[in-house]
Amino acid sequence: MCGIIGYLGARPKGTVLLEGLRSLEYRGYDSAGVAVMQDGRIVTVKREGNLDCLEDALRREPLDGYLGIGHTRWATHGAPSRDNAHPHLDCGGRLALAHNGILENFRELREELERRGHRMASETDSEVLVHLVEENMDDGDLAEALRRSLRRVEGSYAVVCMSLDVPGVIVGARRDSPLLVGVGEGEMFLASAIPAFLRHTRRAVYLQNGDVVEVTRDGARFTDLEGRPVSREASEYPFDFSAAEKGGYEDFMLKEINEQPEAWADTLRGNPYRKGRGFSPDLIPPDLIDPRGLARIIFTACGTSYHAALLGRYVFERWMDIPVEVDIASEFRYRDPRLDPKTLVVAISQSGETADTMAALRGALERKSRTVSIVNTLGSQMTQESDAVIYTHAGPEIGVAATKTFIVQIAAVYLLGLHLAGRTRFLEREEIDRIMAELERVPELLEEVISLEGEVREVAEGFRDCEDFLYLGRNINYPVAMEGALKMKEISYVHAEGYPAGEMKHGPIALLHEGFPVVVLVPRDAVYEKMVSNLEEIRARRAPILAVATRGDDDIAKRCRRVIHVPEVDPILNPVVITPVLQLLAYHLAKLRGCNVDQPRNLAKTVTVE
Ligand code: AGP
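Plus 27 on top of the position in the sequence shown (first one is 1) and you've got this note's numbering.
Structure (structure tokens):
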């Protein structure tokens with residue numbers, strides 16, 4: 028939540044800060060602001076609304092100066108407004124600070140500061156921090172003032188701060204919210220994520236929890252919260268800047284749907300799987316995670332990643348003789364699951380930063396369980412803390428609604444499942460080879476399905492005025508129904524529920540009527556006949572049916588208002604060929620209703636607060 032940028036260098040500050048914020052806008056977009064050190068004072072420009080509003084203001088009042096910081100906000104404390112937008116200033120206007128995270132003890136700090144005469148200009152939790160720094164600036168050492176202030180706060184933060192008293196420096200710090208230093212030629216950046224400075228440099232250093240950094244144009248000096256020096260090295264990140272641009276597509280979401288074939292191929296290539304031997308020991312060290320000693324596997328995740336986790340349970344139970352559970356991370360972290368070294372916890376996350384998934388992972392680590400994270404964002408917090416990491420190589424995903432990262436999470440879950448199945452010898456080597464060959468076919472299958480876009484668009488037109496949808500699937504397609512419904516509600520604001528088809532008779536059937544469409548996932552598989560029975564039950568209640576069925580199944584067309592046919596595949600790949608149809612359906616319905624698909628209201632891509 029919230030995106031931060033800081034810049035020290037010769038380029039025009041307003042432009043660099045705005046460009047950086049554009050790449051971070053997926054993290055929050057209800058208000059934004061920049062602060063620049065210019066002509067011996069700090070000038071701020073802040074606006075309510077998305078970055079277009081800030082850009083407009085900056086066009087009228089261009090900023091340059093020596094250095095600057097910026098912020099795009101997703102409100103937690105205090106409504107979206109110009110006053111609550113960051114950066115915040117201290118009482119004398121000599122310090123500016125931007126923050127991402129939540130300061131849990133801000134109320135007591137605020138009362139204390141107000142008693143001492145500080146005047147707060149916003150309702151945010153973050154503002155207390157700039158006033159604390161102001162009080163601690165007595166000896167003119169900005170980094171030390173920030174360290175002292177941070178020792179007083181509870182909660183999470185990534186923070187950047189600058190002071191007129193130390194004109195060539197931006198200081199930053201992090202705890203549980205990400206912050207990186209981008210290292211350029213004679214210029215330096217601070218940001219919440221790499222795309223913010225990718226057009227200028229690929230060299231970056233991730234701050235670790237508890238780090239404080241003092242950045243000048245020539246370098247960065249890292250310490251811990253007590254001021255002891257710590258050593259951090261810059262790495263080169265192999266991102267392509269074009270991945271963070273629309274590349275001719277109308278929206279990032281559509282671009283990212285179209286990138287799925289490549290993302291799947293890259294994920295297979297990036298996790299080389301040796302026939303009959305599984306992953307290389309570099310990926311999953313055998314002494315660390317030996318499936319033969321495992322008593323239980325628990326998947327945990329949030330949102331779309333949770334749907335990939337649900338899917339994982341179906342294949343893992345089929346492929347190995349180990350009990351498998353799935354839990355939503357925000358529930359798992361507050362339960363008392365019996366965790367021990369014989370439990371493997373698999374955490375799935377696009378960002379590698381989601382607060383609840385991170386907490387679930389840490390709970391597992393504290394109780395000495397083995398942990399594997401399936402993550403898309405290189406170097407993110409979860410990758411640093413888990414025992415092993417399987418990267419999904421989807422590249423940066425900018426659209427707030429997860430699309431390509433869901434598809435590659437399925438790839439990663441399947442690869443991990445095959446690896447464990449091979450090591451427990453539950454699956455024969457030939458069977459693993461056969462499934463691997465199926466996984467390698469997926470990019471062409473995805474291309475075929477994505478080429479159905481025109482047909483899906485036309486179907487969406489027929490349903491554009493509907494306000495409710497029910498999505499039904501069984502077995503491995505039940506999580507796909509849930510994901511389809513989540514996409515629909517996220518981007519089109521239409522109410523949609525994903526349900527296991529067998530549960531329909533236990534309640535949702537009461538909702539059905541002529542104006543309540545049901546999306547039925549009915550591909551050829553072991554539960555096909557059961558799905559057809561459900562379909563008949565819906566038909567009898569006159570609810571319009573949109574079916575997704577296997578090519579060649581012409582019988583279904585007679586029973587439904589519309590059918591979209593997908594290629595015939597091994598049933599474990601039905602989720603992969605059905606998902607793009609549901610993504611495109613949500614996409615086109617949202618576009619027809621005039622919604623902003625890349626930045627849906629109220630959402631942020633990365634949920635780093637509870
Ligand atoms: C997906 O479309 C959502 N925006 C959201 O549910 C997301 O999947 C969830 O917040 C989890 O994020 P993560 O994968 O980065 O952990």
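Here a beta-carbon is modelled for each residue, glycine too, at the ideal position from N, C-alpha and C.
Of the listed residues the options, nearest to residue i (C-alpha basis)
i	options	result
Phe-496	Val-521, Arg-566 and Glu-474	Val-521
Leu-44	Gly-36, Glu-212 and Ile-32	Ile-32
Met-189	Gly-120, Val-546 and Asn-561	Gly-120
Glu-541	Thr-103, Asp-552 and Arg-568	Arg-568
Glu-517	Gln-626, Pro-594, Tyr-505 and Asn-561	Gln-626
Gln-411	Thr-327, Leu-234 and Leu-78	Leu-234
Tyr-133	Leu-85, Tyr-184, Pro-89 and Gly-95	One detail in the question is off: residue 133 reads as Phe in this sequence, not Tyr. Of the listed residues, the one whose Cα sits closest to Phe-133 is Tyr-184.
Ala-218	Gly-511, Tyr-418, Gly-47 and Arg-146	Gly-47
Val-427	Glu-471, Gly-95, Thr-151 and Cys-622	Cys-622
Lys-718	Phe-359, Ile-349, Ala-356 and Asp-363	One cannot answer for residue 718 here, as it falls past the ends of the chain, which runs 28 to 637.
Glu-358	Val-603, Val-196, Met-385 and Val-342	Met-385
Pairwise C-alpha distance: residue j and residue i
i	j	result
Pro-607	Ile-401	21 Å
Val-187	Ala-123	8 Å
Gly-76	Thr-99	10 Å
Glu-286	Arg-323	35 Å
Thr-404	Ser-378	5 Å
Arg-620	Arg-319	52 Å
Ala-617	Asp-166	55 Å
Arg-109	Ser-58	7 Å
Leu-366	Ala-374	14 Å
Ser-396	Val-545	41 Å
Glu-141	Met-164	18 Å
Glu-82	Gly-274	21 Å
Leu-159	Asp-238	18 Å
Arg-589	Asp-580	13 Å
Arg-461	Gln-610	28 Å
Lys-40	Leu-177	27 Å
Glu-181	Leu-136	10 Å
Cys-29	Arg-566	46 Å
Thr-243	Asp-168	14 Å
Gly-388	Glu-488	This sequence places Leu at residue 388; Gly is not what is there. Roughly 43 Å between the two C-alpha positions.
One or two residues paired with residue i in a DSSP bridge
i	result
Arg-121	The partner list for Arg-121 (beta bridge, DSSP) is empty, contrary to what the question assumes.
Ser-190	Leu-122 and Val-193
Ala-335	None, per the DSSP bridge assignment.
Arg-248	Glu-241
Ala-200	Val-186 and Val-239
Asp-354	Thr-327
Neighbour-count burial assignment, residue i, 16 or more Cβ in a 10 Å radius
i	result
Leu-454	buried
Arg-450	buried
Asn-298	buried
Asn-601	buried
His-227	buried
Leu-315	exposed
Pro-222	buried
Gly-330	buried
Ala-335	buried
Ala-584	exposed
Ser-258	exposed
Lys-431	buried
Gly-534	exposed
Pro-571	buried
Glu-380	buried
Ala-125	buried
Gly-444	buried
Pro-308	exposed
Contact with chain B by residue i, beta-carbon distance below 8 Å
i	result
Ile-316	No chain B appears in the structure shown, which is made up of a single protein chain.
beta-carbon residue i near the ligand AGP non-hydrogen atom, thresh 7 Å
i	result
Cys-329	yes
Gln-411	no
Thr-250	no
Leu-513	yes
Ser-376	yes
Ala-508	no
Glu-286	no
Val-210	no
Glu-517	yes
Val-545	no
Ala-386	no
Leu-611	no
Thr-451	no
Lys-532	no
Lys-369	no
Ser-400	no
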